[in-house]
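Report on the following structure.
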Amino acid sequence: AIGVLNDSLASYLSENKTDYFVYDITWGGLITSNGYSDPNADFGNGWYNDHHFHYGYFLYASAVLTKFQPDFYYLYKDKLDFIIGDIGTKDYLVQYFPTARHKDFF
17 AIGVLNDSLA SYLSENKTDY FVYDITWGGL ITSNGYSDPN ADFGNGWYND
67 HHFHYGYFLY ASAVLTKFQP DFYYLYKDKL DFIIGDIGTK DYLVQYFPTA
117 RHKDFF
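Everything in the sequence shown is counted per this note's numbering, starting at 17 for the first residue and increasing by one.
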């Protein structure tokens with residue numbers, strides 16, 4: 017099971033799929049390549065729909081895998097940090113992402 021999880025996550029994080037993560041310079045966020053060309057693709061990914069829970073699946077699976085294969089995190093750290101940054105900006109990534117994309121102040 018760990019091998020399947022590793023292969024699946026690695027294929028997304030190493031851009032070996034036809035639909036991979038890209039940085040959207042217009043809105044400052046991480047979207048899928050399909051979402052970039054069609055905002056309604058991938059459940060509205062290009063419109064930033066539900067990134068906080070869709071990307072949460074990637075982060076949870078990555079955390080589980082890292083528990084058993086610690087090198088996984090270090091191999092994909094930059095890409096995982098960008099996923100984290102998209103839904104909850106890390107301090108050193110504030111230049112790339114809005115501070116409160118998923119916060120309703122009202």
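Where is the CB? At the ideal position from N, CA and C, for every residue including glycine.
Cα-Cα, which of L109, H67 and L91 is closest to I103? Your numbering for residue 103 matches position 87 in the sequence shown. It is H67.
How long is the line joining the alpha carbons of A77 and Y89, rounded to whole angstroms? As a first step, residue 77 must be located in the sequence shown, where it is residue number 61. As a first step, residue 89 must be located in the sequence shown, where it is residue number 73. If I take the Cα positions, the gap works out to 11 Å.
Evaluate T48 with the Cβ neighbour count: other Cβ atoms within 10 Å of its Cβ, from every protein chain shown; 16 or more gives buried, anything less gives exposed. On the sequence shown, residue 48 is found 32 positions in, with the first residue counted as 1. Counting Cβ neighbours within 10 Å, T48 comes out buried, since at least 16 surround it.
Excluding five sequence neighbours on each side, which residues of the same chain lie with their C-beta closer than 6 Å to the C-beta of L109? To locate residue 109, count along the sequence shown from 1; it is residue 93. Excluding sequence neighbours, L109 sits near G101.
Kindly indicate which residue of Y71, G62 and D97 has the alpha-carbon position closest to the one of W43. On the sequence shown, residue 43 is found 27 positions in, with the first residue counted as 1. Of Y71, G62 and D97, the residue nearest in Cα terms is G62.
Compare the C-alpha of F98 against each of L91, Y112, V20 and F69 and name the closest. Numbered from 1 along the sequence shown, position 82 holds the residue referred to as residue 98. Of the candidates L91, Y112, V20 and F69, the one whose C-alpha sits nearest the C-alpha of F98 is Y112.
Would you check if the distance between the CB atom of Y64 and the CB atom of G45 is smaller than 7 Å? Looking up residue 64 in the sequence shown gives position 48. Looking up residue 45 in the sequence shown gives position 29. Their beta carbons are under 7 Å apart, which means Y64 touches G45 by this criterion.
Starting from F37 and walking both ways along the beta strand (DSSP E), at which residues does that stretch end? As a first step, residue 37 must be located in the sequence shown, where it is residue number 21. Looking at the DSSP string, the run of the beta strand (DSSP E) that includes F37 is F37 to D40.
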